[in-house]
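In our numbering, the protein residues as written are 1 to 237. Glycine is no exception: its CB is placed at the ideal position from the N, C-alpha and C atoms. All values derive from a computational prediction rather than experimental measurement. The next block holds one structure in the form of C-alpha cells; read it before the comments.
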Ligand code: SF4
C-alpha cells in the first residue's frame with residue numbers, strides 16, 4: 001500500500017511543540033536574512049527552532065574549543081592521521097585562534113575566497129583585512145603550523161587583482177595556496193563571470209611559487225581540501 005507523504009498525517013500530540021521563540025529568535029532570524037544565510041534548521045523546518053534559536057548566537061569562542069577537542073580526539077584515536085582544519089575568522093577573536101593553534105593541526109586553513117574588491121558581493125559580513133591578519137598572526141605565533149588559504153576564481157576578479165592578492169597572502173608567510181574555478185551551486189548563488197583557462201591557472205602556480213608559497217594547487221577542479229595530504233607533506237619541508 002502506498003505510504004502517504006508525512007505532511008498529510010495528522011501530527012501526534014507528542015510532536016506538537018509550543019513555540020518558544022522570542023526576541024533572540026527574531027534577532028537571529030533577521031541576521032540570517034541580512035546575511036542571506038541558510039541553515040539546516042530552516043530548510044528542514046525543524047520543530048525545535050523556537051527553542052534553539054532563542055538560546056542566541058554562536059559559542060562564545062566561535063567554536064574554537066570544538067576544533068581543538070576534535071584535533072586532540074582524532075590524534076588520540078588515529079595516531080599518525082594528518083589533520084587540516086578549515087577555520088572561520090572568529091570575527092577577529094585572536095584568543096579563539098590561539099586555542100586552535102595550540103592543538104597543533106597539521107595545516108591551518110582559512111580561505112580568503114576572493115579578491116578584496118569583491119568581498120561585499122561574495123563574502124558578506126567578512127573582512128578581507130581580518131582574514132589577512134589571521135594568517136599573519138597564525139604564522140607569527142606558531143611558525144611550525146603550516147598555514148593555507150584559497151580563492152575561487154571566475155567571480156569577476158581581474159588578473160592583476162588575483163596577483164596582488166596572492167602577493168599579499170604570500171607576504172604573511174602563508175605556506176599553501178589553492179586556486180580553483182568557481183561553479184554556481186544553485187541559481188540562488190552568484191553567477192559565474194568567466195571560466196578561467198587551465199593555462200592561466202598554471203601561470204598562477206608558477207608565479208605563486210616564485211612569490212614564496214611552498215605549495216600552490218591551482219586548476220579548474222581544485223577545491224579547498226583537494227590533494228590536502230600532499231600539501232601537508234610539502235609545507236612541512
Ligand atoms: S535541533 Fe536546533 S540546531 Fe538542530 S536543526 Fe533543529 S533548530 Fe537547528
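Identify whether residue i lies in helix, strand or coil by the three-state DSSP scheme.
i	result
residue 157	coil
residue 188	coil
residue 138	helix
residue 34	helix
residue 147	strand
residue 181	strand
residue 118	helix
residue 20	coil
residue 108	strand
residue 86	strand
residue 9	coil
residue 98	helix
residue 222	coil
residue 197	coil
residue 55	coil
Between residue i and the rest of its own chain, which residues show a CB-CB distance below 6 Å, the 5 nearest in sequence each way excluded?
i	result
residue 136	172
Is residue j closer than 8 Å to residue i when the C-beta atoms are compared?
i	j	result
residue 224	residue 201	no
residue 47	residue 97	no
residue 213	residue 175	yes
residue 177	residue 166	yes
residue 101	residue 138	yes
residue 216	residue 204	yes
residue 222	residue 168	no
residue 142	residue 99	no
residue 72	residue 103	yes
Return the CA-CA distance between residue i and residue j, expressed in angstroms with no decimal places.
i	j	result
residue 89	residue 154	23 Å
residue 190	residue 36	12 Å
residue 42	residue 145	37 Å
residue 238	residue 27	The chain is shown only over 1 to 237; residue 238 falls outside these bounds and no answer can be derived.
residue 24	residue 38	17 Å
residue 30	residue 92	22 Å
residue 197	residue 180	11 Å
residue 134	residue 140	10 Å
residue 68	residue 128	25 Å
residue 51	residue 10	23 Å
residue 121	residue 17	38 Å
residue 55	residue 70	24 Å
residue 110	residue 77	25 Å
residue 12	residue 130	49 Å
residue 187	residue 63	31 Å
residue 185	residue 159	23 Å
residue 164	residue 199	19 Å
residue 33	residue 45	16 Å
Just to check, is the beta-carbon of residue i closer than 7 Å to a non-hydrogen atom of ligand 3?
i	result
residue 49	Looking at this structure, you won't find ligand 3 anywhere; what it does contain is ligand 1.
Report all residues from its chain with a CB closer than 7 Å to the CB of residue i; omit the five preceding and five following residues, and keep chain order.
i	result
residue 126	89 and 119
residue 124	35 and 36
residue 235	107, 146, 175, 176, 214 and 215
residue 193	154, 155 and 156
residue 94	137
Kindly list the residues whose CB is nearer than 8 Å to the CB of residue i, restricted to its own chain and excluding five residues on each side of it in sequence; keep chain order.
i	result
residue 232	82, 84, 106, 107 and 146
residue 170	177, 208, 211, 212 and 213
residue 53	21, 24, 25, 28, 29 and 41
residue 75	81 and 83
residue 19	50
residue 195	154, 181 and 220
Contact between the segment 68-81 and the segment 115-134 is defined here as three or more beta-carbon pairs at a separation below 8 Å; is this criterion met? no
Quick test of the definition: if touching needs 3 or more C-beta pairs under 8 Å, does the segment 146-153 touch the segment 59-69? no
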